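The working numbering puts the sequence shown at residues 1 to 384. Every residue, glycine too, gets a C-beta built ideally from N, C-alpha and C. It should be emphasised that the depicted structure is a prediction, and the values quoted were computed from it without experimental measurement.
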Amino acid sequence: MAAVFEKPPLLQRIAPSLHGFDGPLAFAVFLLACAGLLTMYSSGFDHGTRFADHARNMLLAGFIMFVVAQVPPQRLMRFAVPVYVVGVALLIAVAIFGITKKGAKRWVNIGVVIQPSEILKIGLPLMLAWWFQKREGQLRPFDFMVAGLLLVVPVGLIMKQPDLGTSLLVLAAGLAVIFFAGLPWKLIVPPVLVALVAGVLLIAFEAQLCAEGVRWPILHDYQQQRICTLLDPSKDPLGKGFHIIQGMIAIGSGGLFGKGFMQGTQTHLEFIPERTTDFIFAAYSEEFGLVGTLLLIAGFIFLILRGLAIALEASTLFSRLLAAAITMIFFTYAFVNMGMVSGILPVVGVPLPFISYGGTAMVTLGMGLGILMSIARSRRLVQT
Numbered sequence: 001m002a003a004v005f006e007k008p009p010l011l012q013r014i015a016p017s018l019h020g021f022d023g024p025l026a027f028a029v030f031l032l033a034c035a036g037l038l039t040m041y042s043s044g045f046d047h048g049t050r051f052a053d054h055a056r057n058m059l060l061a062g063f064i065m066f067v068v069a070q071v072p073p074q075r076l077m078r079f080a081v082p083v084y085v086v087g088v089a090l091l092i093a094v095a096i097f098g099i100t101k102k103g104a105k106r107w108v109n110i111g112v113v114i115q116p117s118e119i120l121k122i123g124l125p126l127m128l129a130w131w132f133q134k135r136e137g138q139l140r141p142f143d144f145m146v147a148g149l150l151l152v153v154p155v156g157l158i159m160k161q162p163d164l165g166t167s168l169l170v171l172a173a174g175l176a177v178i179f180f181a182g183l184p185w186k187l188i189v190p191p192v193l194v195a196l197v198a199g200v201l202l203i204a205f206e207a208q209l210c211a212e213g214v215r216w217p218i219l220h221d222y223q224q225q226r227i228c229t230l231l232d233p234s235k236d237p238l239g240k241g242f243h244i245i246q247g248m249i250a251i252g253s254g255g256l257f258g259k260g261f262m263q264g265t266q267t268h269l270e271f272i273p274e275r276t277t278d279f280i281f282a283a284y285s286e287e288f289g290l291v292g293t294l295l296l297i298a299g300f301i302f303l304i305l306r307g308l309a310i311a312l313e314a315s316t317l318f319s320r321l322l323a324a325a326i327t328m329i330f331f332t333y334a335f336v337n338m339g340m341v342s343g344i345l346p347v348v349g350v351p352l353p354f355i356s357y358g359g360t361a362m363v364t365l366g367m368g369l370g371i372l373m374s375i376a377r378s379r380r381l382v383q384t
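This is the structure in structure tokens:
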């Protein structure tokens with residue numbers, strides 16, 4: 001009788017939940033998470049409980065990934081419209097009666113204080129993928145116009161807060177969906193050419209455009225200052241250019257093999273600002289050098305390629321577009337963070353995935369990974 005009621009081993013009970021998980025994707029995330037813990041221990045060991053909190057955030061992201069991975073893509077599609085509508089409504093609430101901190105109005109109190117822009121990192125690609133799934137086989141220019149409107153509304157509200165970093169991530173995810181849905185090249189090439197020409201003109205006339213008293217009508221003052229600082233950080237080496245200069249010094253001083261684990265002078269003498277968050281890539285490069293940096297970049301490239309492979313193998317248009325957009329979020333996170341620390345992009349508040357400290361960003365990453373796992377899992381379950 002005892003044998004009848006005997007429970008199976010724990011591993012046997014959870015095995016069905018793990019069946020179909022994408023091994024290569026999980027391996028890439030594991031390696032990046034290990035690099036993140038190693039770097040956080042070095043850069044944040046004297047920074048309160050940063051290392052322990054970072055490890056806790058990773059466990060939370062892993063749990064969220066596991067839970068979301070159990071939800072089939074067809075069920076995820078049902079959440080697209082409600083999540084998008086709630087997210088945009090909360091962004092409007094932020095604009096009307098949001099909470100202002102450090103000159104930015106990004107939070108709203110609904111019983112708990114939340115940052116609604118984080119919802120749109122996942123909610124916008126969900127919505128756009130749902131829209132193109134509904135229009136599959138009958139796409140017209142009007143459908144792309146509607147998608148553009150769905151994209152512009154939340155991005156505009158986020159930029160108004162202002163939050164340039166988050167708006168770039170949301171914009172990149174949305175543009176990825178629209179591009180992979182089949183946006184005609186004749187609509188892609190003109191804005192790309194305009195952006196290239198604007199960049200060349202900005203560099204050529206930097207002295208006049210960044211002169212004292214000149215104001216750019218489109219951007220906020222602090223955004224203009226960040227671009228001008230990027231073009232010539234030596235103008236204010238102890239002020240606005242300090243972050244970029246110290247980041248580049250740390251990266252360059254690492255040499256080929258780095259100064260060694262916990263041996264970074266720029267890091268531990270606190271020359272690198274925000275060394276556990278936005279500028280942790282500089283701390284990593286100083287201690288692990290060019291070789292370590294190339295290995296880290298290779299890890300991100302493998303993660304991105306695996307995400308695109310999952311998108312390519314997905315069984316529905318919704319799954320393909322959503323997987324591609326989530327992958328582009330990871331690419332944008334990594335590219336923008338490394339670019340701003342290296343001095344090739346303006347400084348914006350974008351963390352380095354799995355490496356930088358930050359609970360909210362880690363939750364978003366966990367949800368994104370869970371969606372990728374769900375799409376990969378559904379495909380494998382169908383094949384078996």
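Query                                                                                                           : Result
Per DSSP, cross-strand counterpart(s) of Thr100                                                                 : Lys105
Selection from Leu345, His268, Gln133, Ala361 that minimises the alpha carbon distance to Asp46                 : His268
For Ile119, the residue or residues it bridges with in DSSP                                                     : Answer is none; Ile119 lacks a bridge partner.
8 Å CB neighbourhood of Pro273 in its chain, flanking five on each side removed                                 : Phe242, His243, Gln246, Phe279
Cβ separation of Glu317 and Glu118, assumed to be a contact under 8 Å, to the nearest whole Å                   : It is worth fixing the name first, because residue 317 is Leu in this sequence and not Glu. The Cβ separation is near 26 Å, so there is no contact.
Those residues which DSSP pairs with Val113 across a bridge                                                     : Asn109
Distance between beta carbons of Leu126 and Phe97, contact taken as under 8 Å                                   : The Cβ separation is near 27 Å, so there is no contact.
Presumed contact (8 Å Cβ cut-off) between Tyr284 and Leu296, rounded CB distance                                : 7 Å
Check whether Ala323 and Ala314 have beta carbons under 9 Å apart                                               : yes
Proximal residues to Ser378 (C-beta, below 6 Å), its chain only, five neighbours per side dropped               : Pro72, Pro73
Ala181 to Met367 span [Cα, whole Å]                                                                             : 22 Å
Segment limits, alpha helix (DSSP H) that includes Pro162                                                       : Run containing Pro162: none; DSSP gives neither H nor E here.
Other residues of its chain near Gly299: CB distance less than 8 Å, five sequence neighbours each side excluded : Ala28, Leu31, Leu32, Ala35
Segment contact, 8 Å Cβ cut-off, at least three pairs: the segment 351-368 with the segment 56-68               : yes
Cα-Cα separation between Phe271 and Gly264, rounded to whole angstroms                                          : 10 Å
Span of the alpha helix (DSSP H) around Ala181                                                                  : No alpha helix (DSSP H) holds Ala181; DSSP gives it neither H nor E.
Leu128 to Gly174 span [Cα, whole Å]                                                                             : 7 Å
Close beta carbons around Pro346, own chain, < 7 Å, minus the five adjacent residues each side                  : Arg226, Ile227, Leu230, Met340
Thr393 in three-state terms, based on DSSP                                                                      : With the chain running from 1 to 384 in the structure shown, residue 393 is simply not present.
Near the ligand FAD: Ser356 beta-carbon under 8 Å from a heavy atom                                             : As for the ligand FAD, it is missing from this structure, which has no ligand bound.
Runs of beta strand (DSSP E) lying entirely within the segment 41-103, each at least 3 residues, in chain order : 99-101
Presumed contact (8 Å Cβ cut-off) between Leu169 and Ala95, rounded CB distance                                 : Their Cβ separation, rounded to whole angstroms, is 19 Å, which puts Leu169 and Ala95 out of contact at 8 Å.
As assigned by DSSP and simplified to three states, the class of Ala3                                           : Note that Ala3 has pLDDT 48, beneath the 50 cutoff, so the model's placement of it is unreliable and no number is given.
DSSP state of Ile304 mapped onto helix, strand, coil                                                            : helix
Check whether Gly292 and Gly258 have beta carbons under 9 Å apart                                               : yes
Cβ-based neighbour list, Gly254, same chain, cut-off 6 Å, excluding 5 preceding and 5 following                 : Ser285, Glu286, Gly289
Exposure of Lys235, with buried meaning 16 or more beta-carbon neighbours within 10 Å                           : exposed
Buried or exposed by the 16-neighbour rule on C-beta atoms within 10 Å, applied to Asp221                       : exposed
Cβ pair Ala69, Met328 closer than 9 Å                                                                           : no
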